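Taking this note's numbering, the leading residue of the sequence shown gets 58, the next gets one more, and so forth. Since the structure comes first, as structure tokens, the remarks are kept for the end.
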Amino acid sequence: CSDLFRSTLHPVEKALADAKMDKGSIHDVVLVGGSTRIPKIQSLLQNFFCGKTLNLSINPDEAVAYGAAVQAAILSGDTSSAIQD
């Protein structure tokens, strides 16, 4: 089970590598998605980012839904100001 939890860090490491950034250059860690409510996930991420306090102020489900809606609008070519806000 421990390996399964640790494997959740692979996408984080890949995102940092793809962005050519290291974890020390991250100022805020914002968690989105239902799994981010799991205390073990929060602990792993906090440890990965050297004890940095995690930003839990956003509703993780709403953030995912909002991001999906924005991505859908972009893919459909919608450039209305409502999407940009």
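Cβ atoms here follow ideal geometry from the backbone N, Cα and C, with glycine treated the same way. Computed from a predicted structure; not experimentally measured.
| query | result |
| --- | --- |
| Per DSSP, the bridge partner or partners of VAL87 | ASN112 |
| GLU70 versus LEU101, ASN112, ARG94, LEU113, residue with shortest Cα-Cα distance | LEU101 |
| Nearest neighbour of ALA63, chosen from HIS84, ALA76, GLN103, ASP118 [CA to CA] | Before going on, a small fix: residue 63 reads as Arg here, not Ala. Residue GLN103 is the option with its Cα nearest to ARG63. |
| Residues near LYS97 by beta carbon distance below 7 Å, same chain, minus five either side | PHE62 |
| Span of the alpha helix (DSSP H), counted from its first residue to its last, around ALA120 | 117 to 133 |
| Contacting residues, own chain, Cβ-Cβ under 6 Å from THR93 (five flanking each side not counted) | PRO117 |
| LEU111 and LEU88 closer than 7 Å at C-beta | yes |
| Under 7 Å between C-beta atoms of LYS77 and PHE106 | no |
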